């Protein structure tokens, strides 16, 4: 198979995946007992108001017609309007909120990957020692920590006791006047683009705790993966040969062994994206970070089911697209996959 | 790894180890200390129950626990001697041990039903769970745990994890006898008092005793986890077996559906389902189950596809075995170990997801003691620096999830041995 036909077949496979996923969300939100309209009002409500509400959101139609409408509007990239009194289009809300989540996701993933790989390499080079076991235990423990617990502990230590960083939010209230104008919506990038170094520092300070929290919870898998792959590669003939030629240890580790152990790690970055988003929901709520996660939680608390549906669909499609990109990138890097 | 096969019992092994300290890996010591520490703490816990419980029940529970464990221990000794002398087969001996355990437990339950009908259920669960725990610990101390002892440090890691889990389950069950106050009662002490002698873990912002809440708070989490794991296991494994053994369209369709669920951020899906179903133990368990069925499906499916091609299965097919026999007698027993490993990890995931659902406000009503809720509610006092209302419930969640993760990690190496690293 050539690269081109692999790309085409992978692209075609994505379409049924997304269809299935979108249908799944629809089924979950409609099949369960109690329709979104009556759940939205929760308590007793005037039947006339309820009927009008149902009609407005098309919930009085037969279920298959609702499904067709839902698919048709998704095709137009329309996720409907909020059930709240503002009737904001969900797409608008997602577009304004997404950069915050993206920023958190990027920095957390960066932390998780760098920290995880560093620990993994360390662990594999000291195989079987106390350091190795401690690092492995650390990896296991990070898996067992609820992200909001770790977040709270860090908040208490670094925000409440030490006052090093703010305990939440994307920008410190005291410096709101310096907030960068929205270009990409990522504060750190916007402030750099406008050359506002002060704003950059402030937004970075707000980012540290959330991204370290989320990154630590995610890094366990990278530790384990790096360690296993490095152990395999370090034993290979070409590494032994490089050592025998007397190359410096760092060169052997990094440009001989690690370079070859990196591919599976790259795939894992893509696979971890779903876990990253799930973790982001909790991290955002912990740190009052105004992204999609807090939006989801707010929508659930105000029983805004169109918003919940919209966000869940968005998350699902996002994950599918990211895994598509990672697969294509992987195929580009590793010719064996195309065979 | 040196010869762990020669080891019998923790205390005996200490003697045999002291000669070759260097040959023990650090990991072995970690597992060893967790196991011994936990065993000791369970025994100390039993003593505390016996000495300081509010009612006669606590003492009776401890007596029942020790009776079950001791009878089991005696039965184990006797059957071991008979097996060694060749009077019994190994499996027969084990069956007798299990039967003795069951009969003794049934006796205690019957006694509880007649003597203390009001709390018979909780009492029986407590005593049987406790009996099991103490029996395992006695086996560990006196014999070396018979199944895992040959596997070295992985065996100890698995044991440590299982001990953590069972001890915490036991603690939750007996909590009503050992907690100093009623967990839901407010204003038993000053508001937000830091840990002190009177309130060892401090009090909450409602003046509840945090120690009582921590002791009691695992029950919802464990119920949700157990229910969801049962649902996951009993749907995921048969579905994967059926689909992947036959292959064809059904297999491809099932895989596609499972893959698309698997691709979802698990917590987000669980949140969506849970938001529609509303709060409640069963609803939470269901929404968690939906999310984790695919992990069973994927593991079991890949196992079936591998096993199906192995020579012994082909031989069975060639001999004309019925497909029912092939699936249940040839394939299923060989994939159960990996399904068990997935199950253990699934427990940890279910616990963390339950905590997450509670954290975003989809948990149980306010006054039910639950670690997840206590942690969430404790966060509202964050700014006052009241660390104890966050730290203790959170640590309990970590410990429980860690127990399952360690068990999964250890069992993974014990049950599905791969090439040595």
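Residue numbers (the working numbering), protein chains in the order written: chain L, 244 to 582; chain E, 283 to 703. All C-beta atoms, glycine included, are put in the ideal place defined by N, C-alpha and C. Predicted model, so just to flag it, every value in this text is computed and none were measured.
Per-residue DSSP class, three states only, for residue i
i, result
"residue 324 of chain L", "strand"
"residue 453 of chain L", "helix"
"residue 491 of chain E", "strand"
"residue 428 of chain E", "Summary for residue 428 of chain E: the model assigns pLDDT 46, below 50, so the residue's position carries little reliability, and this model does not support an answer."
"residue 613 of chain L", "Here chain L has residues from 244 to 582 only, and residue 613 of chain L is not among them."
"residue 374 of chain L", "helix"
"residue 427 of chain L", "coil"
"residue 593 of chain E", "helix"
"residue 485 of chain E", "strand"
"residue 342 of chain L", "helix"
"residue 259 of chain L", "helix"
"residue 472 of chain E", "coil"
"residue 409 of chain L", "coil"
"residue 477 of chain E", "coil"
"residue 332 of chain L", "strand"
"residue 489 of chain L", "coil"
"residue 465 of chain L", "helix"
"residue 448 of chain L", "helix"
"residue 397 of chain L", "helix"
"residue 461 of chain E", "coil"
"residue 422 of chain L", "coil"
"residue 480 of chain L", "helix"
Listed by chain order, chain E residues near residue i by CB distance under 8 Å
i, result
"residue 260 of chain L", "538, 541, 542, 545"
"residue 412 of chain L", "Those do not exist, as residue 412 of chain L stays about 13 Å from chain E at its closest Cβ, beyond 8 Å."
"residue 528 of chain L", "641, 642"
"residue 254 of chain L", "What residue 254 of chain L touches in chain E: nothing, since even the nearest Cβ is about 16 Å away."
"residue 407 of chain L", "Here the premise fails: no neighbours, minimum Cβ distance about 15 Å."
"residue 512 of chain L", "The contacting residues do not exist; residue 512 of chain L stays about 15 Å from chain E at best."
"residue 517 of chain L", "545, 546, 547, 548"
Under 8 Å by beta carbon: chain L residues contacting residue i
i, result
"residue 389 of chain E", "Result: empty, since nearest Cβ-Cβ is about 38 Å, beyond 8 Å."
"residue 691 of chain E", "383"
Test: residue i CB closer than 8 Å to a CB of chain L
i, result
"residue 695 of chain E", "no"
"residue 634 of chain E", "yes"
"residue 555 of chain E", "yes"
"residue 549 of chain E", "yes"
"residue 451 of chain E", "no"
"residue 320 of chain E", "no"
"residue 637 of chain E", "yes"
"residue 657 of chain E", "yes"
"residue 702 of chain E", "Note on residue 702 of chain E: pLDDT 43, under 50, position unreliable in the model; no value is reported."
Contact with chain E by residue i, beta-carbon distance below 8 Å
i, result
"residue 307 of chain L", "no"
"residue 271 of chain L", "yes"
"residue 395 of chain L", "yes"
"residue 520 of chain L", "yes"
"residue 430 of chain L", "no"
"residue 507 of chain L", "no"
"residue 317 of chain L", "no"
"residue 388 of chain L", "yes"
"residue 399 of chain L", "yes"
"residue 524 of chain L", "yes"
Contacts of residue i in chain E (Cβ-Cβ under 7 Å)
i, result
"residue 544 of chain L", "643"
"residue 391 of chain L", "641"
Chain E contact residues for residue i, given Cβ-Cβ distances below 9 Å
i, result
"residue 301 of chain L", "Near residue 301 of chain L there are no residues of chain E at all, since even the closest Cβ is about 18 Å away, more than 9 Å."
"residue 313 of chain L", "Within chain E, no residue comes near residue 313 of chain L; the closest Cβ sits about 15 Å away, beyond 9 Å."
"residue 288 of chain L", "Residues of chain E passing the Cβ test: none, with the nearest at roughly 17 Å."
"residue 403 of chain L", "664, 665, 666, 667, 669"
"residue 267 of chain L", "539, 542, 543, 546, 551"
Any non-hydrogen atom of the ligand MG closer than 7 Å to residue i Cβ
i, result
"residue 437 of chain E", "As for the ligand MG, it is missing from this structure, which has no ligand bound."
* What are the complete alpha helix (DSSP H) segments, minimum 4 residues, inside the segment 650-697 of chain E? -> 653-660, 670-697
* Interfacial residues, the segment 340-358 of chain L to chain E, with Cβ spacing under 7 Å -> none
* To do: Would you list, in chain order, the members of the segment 661-687 of chain E that have their beta-carbon closer than 9 Å to a beta-carbon of chain L?
  => 661, 664, 665, 666, 667, 668, 669, 672, 673, 675, 676, 677, 679, 680, 681, 682, 683, 684, 685, 686, 687
* Asked: Using a Cβ cut-off of 7 Å, which residues of the segment 619-632 of chain E contact any Cβ in chain L, in chain order?
  -> 630
* In the segment 553-565 of chain L, which residues sit with their C-beta less than 7 Å from some C-beta in chain E, listed in chain order? -> 555, 558, 559, 562, 563
* To do: Could you list the residues in the segment 444-474 of chain L with a C-beta less than 7 Å from some C-beta on chain E, going in chain order?
  => 474
* What residue ranges within the segment 492-573 of chain L form continuous alpha helix (DSSP H) runs of no fewer than 4 residues, ordered along the chain? -> 502-529, 535-544
* **Selection of the segment 555-583 of chain E by Cβ proximity to chain L, strictly under 7 Å** => 555, 557, 558, 559
* In chain order, each alpha helix (DSSP H) run of at least 4 residues that lies wholly inside the segment 383-428 of chain E -> 402-424
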